[in-house]
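Trainee: Okay, handing you the structure first.
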Amino acid sequence: MDKGLQHQGQRLRIAVGFAWQSILTNRRRIALAVAGVAIGIAAVTSMLVIGDSVTAQATRALDQLGADVVTISVPPPGADPSGQSAEPLSEAAQARLDTTTDAAVAALRHMPEVQSVARLERRFGCGDGPETALGSPDIVAANPDLPGVLSLRLQHGRFLSPLDARQPWIVLGADVAAELRKTRLDVQPGAALPLCGKTFFLAGVLAPYIGDDLLQSIRMNHAVFVSYASLRRLTGPPSPSASLLLTRLQTGVTAPDMPGLLASRLRTMLSQTVEASGARQVSELRQQQVSLYTRFLAVLGCVALLVGSLGITNVMLASVSERKTEIGLRMALGAHTTDVVAQFLTESVLICLLGAALGLALGIVGAGVALTVAQIGITLDITTPLCSAVLALLCGLAAGAYPAANAARLDPVTLLQGRG
């Protein structure tokens, strides 16, 4: 048994030696074949890494936001189905929207499935007032319940409190604060900040919030938070956007149709159009979109890999044609047909493995660049290099099968006589 294993190991070493010598001898030709395989492997690898990273980002966002958060939109009077009104709201229309929103908040707080509710109102810019030195953030009026509903953390200071209703306090999102620190060194609680021609005092700065990926309505990192009274003074006539209610469900309430159920109850109670969406629904939809996109590009990568494999087949056929005398001599000296087959299959597999190593590195680097631009953290799974290695092995065996079989069918006598 041991002798048999030693014999097989020796035959494998001989096959690898012949294959490696052939690769070194035909470096330029082999380099083109390796490049073809590398392109295919790089495409597949980058798509796997991007898909894994986006899925991991969505999972982290869902963990921070909470699968039990439901966003409810109460559109202003005369709004279209998207919740937008064509004209700025009059004072009477805004009053009706406020009354309806307050009624919706009260109704939600009395529902047994609801733990807490935070009301939000958003404005884009300063209206007709002067632009803010804070860039172009979303100006958002929020009540003190918001951090509890979204599990927001503060980097510095505090959030708005009920005592701030008519006080000029402001809370900055993480991105707004980071941008402001490029021009100011005093971005600390208590600092005076100009906003739309008025002076506010900084109450706090939010920590970076990855739940923004699932909150389609508000970008917490790119928002400036003020009280409702301050929002009215800042932006002039109310902009035609819906009031938003962020609702956290009670622990253990996991029904997938809960957003629709809450919206249906509110429509009945308020006789008002209401839309609702859950964080889990948004996460699953995004993951489905990414999965579809990844599969499509992975198919394109496999096509590129197939083209690279055909290139290896051509290289191997040329190698068989050029080395007929060598093949005939090996057979005449006692090499078996299986030895010849093993030699060319090994050479093909080695070429594919070299291409896989190069393609894996290129794919990870390319995916890293794309994810950095998209501001998504890279996630590497052990299955990615394993998948690349398996693909390379299969492609090597497939690409080398026909040339190896062709070499094994050659007659050594004919080859040595120079008639092959």
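Here the sequence shown stands for residues 529 to 948, where the numbers follow my numbering.
The beta carbon of each residue, even a glycine, is placed where N, CA and C say it ideally should be.
Any chance you could list the alpha helix (DSSP H) runs of at least 4 consecutive residues sitting entirely within the stretch 666-709, in chain order?
Mentor: Entirely contained in the stretch 666-709, the alpha helix (DSSP H) runs reaching 4 residues are, in chain order, 674-678, 702-708.
Trainee: From A935 to G856, what distance separates their C-alpha atoms?
Mentor: Here residue 935 is taken as the residue at index 407 of the sequence shown, counted from 1. Here residue 856 is taken as the residue at index 328 of the sequence shown, counted from 1. The straight-line gap from Cα to Cα measures roughly 10 Å.
Trainee: Helix, strand or coil for Q643 per DSSP?
Mentor: For the purposes of this step, residue 643 is taken as residue 115 along the sequence shown, with counting starting at 1. DSSP places Q643 in strand when its eight states are reduced to three.
Trainee: Starting from L730, follow the beta strand (DSSP E) in both directions and report where the run begins and ends.
Mentor: One-based indexing of the sequence shown puts residue 730 at position 202. 726-734 is the span of the beta strand (DSSP E), which, as asked, contains L730.
Trainee: For the candidate residues M844, T907, S679, P940, whose alpha-carbon lies nearest to that of D580?
Mentor: Within the sequence shown, numbered from 1, the residue matching residue 580 stands at position 52. That would be T907, whose Cα lies nearest to the Cα of D580.
Trainee: Note down, in chain order, each residue of its chain lying with its Cβ closer than 8 Å to the Cβ of L925, except the 5 sequence neighbours on either side.
Mentor: For the purposes of this step, residue 925 is taken as the residue at position 397 of the sequence shown. L873, S876, V877.
Trainee: Go to G924, then tell me how far its beta strand (DSSP E) extends in each direction, as first and last residue.
Mentor: Reading the sequence shown from its first residue, position 396 is the one you call residue 924. Premise fails: G924 lies in the alpha helix (DSSP H), 911-936, not in any beta strand (DSSP E).
Trainee: Here's a check: name, in chain order, each residue in its chain whose Cβ is nearer than 7 Å to the Cβ of N671, leaving out the five neighbours to either side.
Mentor: The residue labelled residue 671 in the question sits at position 143 within the sequence shown. Answer for N671: A646, R647, listed in chain order.
Trainee: Indicate the three-state DSSP secondary structure (helix, strand or coil) for L908 in the structure shown.
Mentor: Here residue 908 is taken as the residue at index 380 of the sequence shown, counted from 1. The answer is coil: DSSP assigns L908 none of H, G, I, E or B.
Trainee: Would you decide whether I840 is buried or exposed? Buried here means 16 or more other CB atoms lie within 10 Å of its CB.
Mentor: On the sequence shown, residue 840 is found 312 positions in, with the first residue counted as 1. Label assigned to I840: buried.
Trainee: With H, G and I counted as helix, E and B as strand and the rest as coil, what does DSSP make of V843?
Mentor: Here residue 843 refers to the residue found at position 315 of the sequence shown. In this structure, V843 counts as helix in the three-state DSSP scheme.
Trainee: Inspect the CB distances between the stretch 887-897 and the stretch 564-578 and report whether three or more fall short of 8 Å.
Mentor: Enough Cβ pairs lie closer than 8 Å, so yes.
Trainee: Just tell me which of G896, L700, G788, A770 has its CA closest to the CA of I667.
Mentor: Locating residue 667 in the sequence shown gives position 139, counting from the first residue. The candidate whose alpha carbon is nearest that of I667 is L700.
Trainee: Residues bridged to S601 by DSSP?
Mentor: Numbered from its first residue, the sequence shown carries residue 601 at position 73. For S601, which the question treats as bridged, DSSP gives the partners L772, E803.
Trainee: How about the stretch 691-711 and the stretch 753-763: do they share at least three Cβ pairs that are nearer than 8 Å?
Mentor: Because the criterion of three Cβ pairs below 8 Å is met, the stretch 691-711 and the stretch 753-763 touch.
Trainee: Any contact of the stretch 719-735 with the stretch 771-789, i.e. 3+ C-beta pairs under 8 Å?
Mentor: Touching, no, given that fewer than three Cβ pairs across the two stretches are closer than 8 Å.
Trainee: Going by beta carbon distance, what residues of the same chain come within less than 6 Å of G836, once the five residues before and after it are set aside?
Mentor: For the purposes of this step, residue 836 is identified with residue 308 of the sequence shown, where counting begins at 1. Within the same chain, G836 has close Cβ partners G564, V565, G568.
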